[in-house]
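Participant:
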Amino acid sequence: MDWLSKNLPFLLAGISVGGQYALIAIGYTMVYGILRLINFAHGDIFMVAGLMMVYLSASLPIYISIPLVIILTVIIGFTVERVAYKPLRSAPRMSVMISAIGVSYLLQNLALYITGGLAQQYPAIPWISDQITVFGASTKRVTVITPFLTIFLVIILVLLIKKTKIGMAMRAASKDFETSQLMGIKINNVISMTFIIGSFLAAVGSLLFFSNYTGVTPTIGTMPGLKAFVAAVFGGIGSIPGAVVGAFIIGICENLVMMANQYISIDISNFKDAFAFLLLIIILFFKPTGLFGEKQTDKV
Amino acid sequence: MKKKRDLIIGLALIVVLLVVLRILEVNISPQSQWAMLLTVLKKGSIYALVAVSMNLLNGFTGLFSLGQAGFMMIGAYTYAIFTIPVDQREMVYMYYDGGIIQFALPAVLGIILAGIAAALFAFLIGIPVLRLKSDYLAIATLGFAEIMKALFQWDSLGPLTNGSNMLRSYPTPASASVIYPFVVSGICIAIIVMLINSTYGRAFKAIRDDEIAAEAMGINLAHHKRIAFTVSSFFAGISGALLAMFQTNVQAKSFNSAMTYEILLIVVIGGIGSVTGSVISSFLFIACSEWLLRFLDEQHVIGDFTVPLLRSGFRKVVFSIIIMVIVLFFRQGIMGTREFSISGIIDKITGKSRKAKREGGNS
Chain A
50 MDWLSKNLPF
60 LLAGISVGGQ
70 YALIAIGYTM
80 VYGILRLINF
90 AHGDIFMVAG
100 LMMVYLSASL
110 PIYISIPLVI
120 ILTVIIGFTV
130 ERVAYKPLRS
140 APRMSVMISA
150 IGVSYLLQNL
160 ALYITGGLAQ
170 QYPAIPWISD
180 QITVFGASTK
190 RVTVITPFLT
200 IFLVIILVLL
210 IKKTKIGMAM
220 RAASKDFETS
230 QLMGIKINNV
240 ISMTFIIGSF
250 LAAVGSLLFF
260 SNYTGVTPTI
270 GTMPGLKAFV
280 AAVFGGIGSI
290 PGAVVGAFII
300 GICENLVMMA
310 NQYISIDISN
320 FKDAFAFLLL
330 IIILFFKPTG
340 LFGEKQTDKV
Chain B
204 MKKKRDLIIG
214 LALIVVLLVV
224 LRILEVNISP
234 QSQWAMLLTV
244 LKKGSIYALV
254 AVSMNLLNGF
264 TGLFSLGQAG
274 FMMIGAYTYA
284 IFTIPVDQRE
294 MVYMYYDGGI
304 IQFALPAVLG
314 IILAGIAAAL
324 FAFLIGIPVL
334 RLKSDYLAIA
344 TLGFAEIMKA
354 LFQWDSLGPL
364 TNGSNMLRSY
374 PTPASASVIY
384 PFVVSGICIA
394 IIVMLINSTY
404 GRAFKAIRDD
414 EIAAEAMGIN
424 LAHHKRIAFT
434 VSSFFAGISG
444 ALLAMFQTNV
454 QAKSFNSAMT
464 YEILLIVVIG
474 GIGSVTGSVI
484 SSFLFIACSE
494 WLLRFLDEQH
504 VIGDFTVPLL
514 RSGFRKVVFS
524 IIIMVIVLFF
534 RQGIMGTREF
544 SISGIIDKIT
554 GKSRKAKREG
564 GNS
């Protein structure tokens with residue numbers, strides 16, 4: 050029991066942060082699946098969602114500001130795609146990626162301009178920010194909710210992709226971009242839809258993430274964004290279950306590092322962030338396309 | 204004949220450039236508003252080197268690597284660790300009893316060692332990483348840069364790297380004089396250009412254009428990729444050492460992924476696959492971000508009208524919008540894949556004048 054109360058907080062935090070990474074990672078993996086684009090701006094959209102919540106909740110009641118934040122984030126995600134990625138549809142992949150880096154730069158600098166560089170305090174959302182006790186370990190309720198909410202959302206998403214018409218179009222587009230266009234799929238609608246879904250999940254992720262880590266700074270999106278992308282690559286980029294599994298593994302492992310830190314005499318806590326990358330490099334060494342990735346073959 | 208002419212003109216231009224730099228340096232006082240020009244020239248030349256080294260990988264070999272900031276960090280740390288004077292070490296390494304290294308190398312040796320250390324790390328990292336392709340390679344190199352960053356801040360390595368505290372008090376010739384970074388960067392860029400024009404360079408370009416075809420033509424892929432990666436990291440390490448001098452202190456956390464993205468932006472704005480493009484764009488990039496747009500950060504009042512939006516941070520917003528416009532509407536960058544060359548311009552002028560003369564003679 051003593052062991053449990055000492056180590057359970059780390060496991061809980063790992064599962065919860067894994068769920069939050071999963072919600073962001075889905076946005077990366079879906080966009081990559083269709084456009085073959087590392088959407089570097091995704092982590093910053095996550096940050097913008099957090100920042101909007103700070104400003105909206107200051108003047109509006111929480112039950113209005115939460116849906117408003119989600120809607121606005123979706124609109125931003127949609128707009129970014131239309132303005133920065135759509136004009137480059139026929140350009141080489143490098144240009145689109147640079148455009149993504151440009152958007153990320155712009156969003157960060159806008160956030161810096163608006164906040165003045167100070168960390169903004171994220172509002173406490175009633176009920177999910179409450180302190181509760183699980184097996185003698187004290188934590189916020191959001192920690193327990195996150196994995197369930199994540200899995201619920203993933204199931205809905207998988208159903209959407211497997212059963213609906215737009216889902217079928219997405220699968221077709223990720224299989225073969227050009228042929229799907231020839232088959233009459235309106236590719237721009239499909240791409241917009243992936244960005245809408247991705248931004249929606251990022252907004253939900255930001256609600257959960259910032260309830261735990263409450264300081265919102267202009268560059269806070271970079272690290273979770275990067276780790277979520279690592280999770281997506283880890284699981285095999287383009288695969289939604291892969292991204293979710295990868296995100297949970299990375300979330301749990303980085304908290305296991307913190308847990309192990311209690312027992313050994315050397316301080317290894319600053320390897321928490323680096324550990325995700327180490328895992329990635331190890332898995333890529335053995336499976337160059339990730340856990341669930343399809344094997345790539347080059348045709349001459 | 205022509206080659207000789209180009210060589211003479213090139214050397215003459217270099218001398219003129221150095222003289223102009225020297226004149227600028229002597230005449231601009233640190234208080235004047237032109238003092239920023241010197242900062243831009245110093246930092247621009249340092250970034251030019253790292254941008255060209257990244258271009259060697261991304262533009263000429265087609266290896267999409269995002270580890271440049273990590274290698275710069277290795278270079279910066281190596282330089283700082285080995286050149287801090289012995290009597291200063293007690294103060295710099297105050298939490299680690301003066302550190303474990305108790306000698307100091309001269310600055311020039313420190314720079315070379317910085318490059319060698321970065322190249323050594325690159326060689327080791329390249330063994331597992333260079334088997335990966337495109338985006339996987341990018342994320343793996345980015346990951347290695349992050350791991351390095353954590354390693355250099357590790358408390359257990361404190362006697363060597365000073366943990367998460369900054370390193371300072373080392374000799375800083377590149378911050379004292381504009382000419383120093385120009386000469387070092389210039390020599391390094393010249394070496395890179397020579398490499399690109401050699402048989403190795405042609406093999407790199409073949410790999411970029413089509414890996415399978417290149418392999419079929421008898422190019423050893425693994426060997427050439429490793430050379431490109433190691434050489435590029437060597438020069439990234441040297442530019443890291445120069446940056447350490449310029450900043451007068453080194454801290455691992457400033458070498459983050461945002462820095463790599465910045466360098467990548469410079470390369471792309473200059474034109475992927477153009478050395479001169481990278482050089483021009485790094486000066487432009489640094490000038491815009493540090494100097495030319497600075498007026499946007501201050502409040503301006505024209506008559507009774509206060510210009511809206513202008514306050515601290517607005518410069519960066521405008522700057523990122525400019526970058527977006529360039530990326531969206533000038534996809535090729537400033538130079539595309541062309542090179543800017545003096546002899547090309549001279550040929551154009553003299554060719555035209557000769558033509559004009561002939562036409563004049565006929566009539």
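Quick note, the sequences are listed as chains A and B, same order. According to our numbering, the first sequence holds residues 50 to 349 in order. According to our numbering, the second sequence holds residues 204 to 566 in order. No residue lacks a Cβ here, since even glycine has one placed at the ideal position from N, Cα and C.
Note down, in chain order, every chain B residue with its Cβ under 8 Å from the Cβ of A:S29.
Facilitator: Any property of residue 29 of chain A remains undetermined from this structure, which presents chain A solely from 50 to 349.
Participant: Does the segment 350-367 of chain B come close enough to the segment 451-463 of chain B that 3 or more CB-CB pairs lie under 8 Å?
Facilitator: Yes: the two stretches touch, three or more of their Cβ pairs being nearer than 8 Å.
Participant: If the criterion is Cβ atoms closer than 8 Å, does the pair B:P331 and A:I330 meet it?
Facilitator: The answer is yes: Cβ separation under 8 Å.
Participant: Do we get a CB-CB distance below 8 Å when we pair A:V282 with the residues of chain B?
Facilitator: Chain B, which has a Cβ nearer than 8 Å to the Cβ of A:V282, makes this yes.
Participant: Okay, do the segment 297-309 of chain B and the segment 462-477 of chain B touch, 3+ Cβ pairs below 8 Å being the bar?
Facilitator: Verdict: no, contact absent.
Participant: In terms of residue numbering, what span does the beta strand (DSSP E) encompassing A:T188 cover?
Facilitator: Its beta strand (DSSP E) spans residues 186-189.
Participant: How about B:A321 and B:F407: do their beta carbons lie closer than 8 Å?
Facilitator: Cβ distance not < 8 Å, so B:A321 and B:F407 don't count as in contact.
Participant: Could you give the residue range of the beta strand (DSSP E) that holds B:Q236?
Facilitator: That residue, B:Q236, is in no beta strand (DSSP E); it is neither H nor E in DSSP.
Participant: Would you say B:E349 lies against chain A (beta-carbon separation less than 8 Å)?
Facilitator: Yes, because at least one Cβ of chain A sits closer than 8 Å to the Cβ of B:E349.
Participant: Measure from the alpha carbon of B:Y339 to the alpha carbon of each residue in A:V123, A:V279, A:M102, then state which is nearest.
Facilitator: B:Y339 has its Cα closest to that of A:V279, out of A:V123, A:V279, A:M102.
Participant: For A:I215, report the span of its alpha helix (DSSP H) as first-last.
Facilitator: 214-224 is the span of the alpha helix (DSSP H), which, as asked, contains A:I215.
Participant: Does any residue of chain A bring its CB to less than 8 Å from the CB of B:L467?
Facilitator: By this cut-off, B:L467 is an interface position.
Participant: Using the beta-carbon of each residue, which ones in chain A are nearer than 7 Å to B:F306?
Facilitator: Chain A residues near B:F306: none, gap ~27 Å exceeds 7 Å.
Participant: Below 8 Å between beta carbons is the criterion; list the residues of the segment 433-454 of chain B that meet it against any residue of chain A, in chain order.
Facilitator: If the cut-off is 8 Å between Cβ atoms, the segment 433-454 of chain B has nothing near chain A.
Participant: Does DSSP put B:N452 in a helix, a strand or coil?
Facilitator: Strand at B:N452.
Participant: Can you give me the C-alpha to C-alpha distance between B:I249 and B:I489, rounded to a whole angstrom?
Facilitator: About 10 Å.
Participant: In whole angstroms, give me the CA-to-CA distance for A:I115 and B:G440.
Facilitator: Computed Cα separation, rounded: 47 Å.
Participant: Would A:V145 and A:L156 qualify as a contact pair, given that the criterion is a beta-carbon distance under 8 Å?
Facilitator: Taking 8 Å as the Cβ cut-off, A:V145 and A:L156 do not qualify as a contacting pair.
Participant: Any idea which residues DSSP pairs B:R371 with across the strands?
Facilitator: Beta-bridge pairing links B:R371 to B:N452.
Participant: Measure the alpha-carbon distance for B:G564 versus B:I552 and round it to whole angstroms.
Facilitator: Residue placement at B:G564 is flagged as unreliable, the pLDDT there being 36, under the threshold of 50; a coordinate-derived value is accordingly withheld.
Participant: Can you name the residues of chain A whose CB is closer than 8 Å to the CB of B:R208?
Facilitator: Those within 8 Å of B:R208 in chain A number zero; the least Cβ separation is about 37 Å.
Participant: Round the Cβ separation of B:I314 and B:A444 to the nearest angstrom and send it over; I've been treating them as touching at under 8 Å.
Facilitator: Indeed they touch by this definition, with Cβ atoms about 5 Å apart.
Participant: Under 7 Å Cβ-Cβ, which residues of chain A neighbour B:P331?
Facilitator: Near B:P331 (Cβ distances below 7 Å), the residues of chain A are I330, F334.
Participant: Which residues does DSSP pair with A:Q294 in a beta bridge?
Facilitator: Correcting the residue type first, residue 294 of chain A is Val in the shown sequence and not Gln. Beta-bridge pairing links A:V294 to no other residue.
Participant: Can A:L206 and A:I75 be called in contact, C-beta distance under 8 Å?
Facilitator: Against a cut-off of 8 Å, the Cβ pair of A:I75 and A:L206 comes out as a contact.
Participant: Give a yes or no on whether 8 Å exceeds the smallest Cβ distance from B:V530 to chain A.
Facilitator: Taking Cβ atoms only, chain A reaches closer than 8 Å to B:V530, which makes this a yes.
Participant: Applying the criterion that 16 or more other CB atoms from any shown protein chain within 10 Å of the CB defines a buried residue, is A:H91 buried or exposed?
Facilitator: Classification for A:H91: buried.
Participant: Report, in whole angstroms, the separation of the C-beta atoms of A:G247 and A:V80, which I expect to be a contact under 8 Å.
Facilitator: A:G247 to A:V80, Cβ: 6 Å. Contact.
Participant: Which first and last residues belong to the alpha helix (DSSP H) in which A:I73 is found?
Facilitator: Run containing A:I73: 51-84, per the alpha helix (DSSP H) assignment.
Participant: Using DSSP's beta-bridge definition, name the partner residues of A:G264.
Facilitator: According to DSSP, A:G264 bridges with A:Q170.
Participant: Counting only Cβ-Cβ distances shorter than 7 Å, please list the residues of the segment 297-330 of chain A near chain B, keeping chain order.
Facilitator: Answer set for the segment 297-330 of chain A: I315, D316, N319, F320, D322, A323, F326, L327, L329, I330.
Participant: Taking A:G99 and A:Y171 to be in contact with their CB atoms under 8 Å, please state how far apart those CB atoms are, rounded to whole angstroms.
Facilitator: Between A:Y171 and A:G99 the Cβ distance is about 6 Å, and since that is below 8 Å, they are a contact.
Participant: What's the gap between the Cα of A:I269 and the Cα of B:M462?
Facilitator: Their Cα atoms are separated by approximately 16 Å.
Participant: Identify, in the order they occur along the chain, each residue of the same chain with its Cβ nearer than 6 Å to the Cβ of B:R292, setting aside the five sequence neighbours on each side.
Facilitator: Once the five neighbours on either side are set aside, the close Cβ partners of B:R292 are G301, G302.
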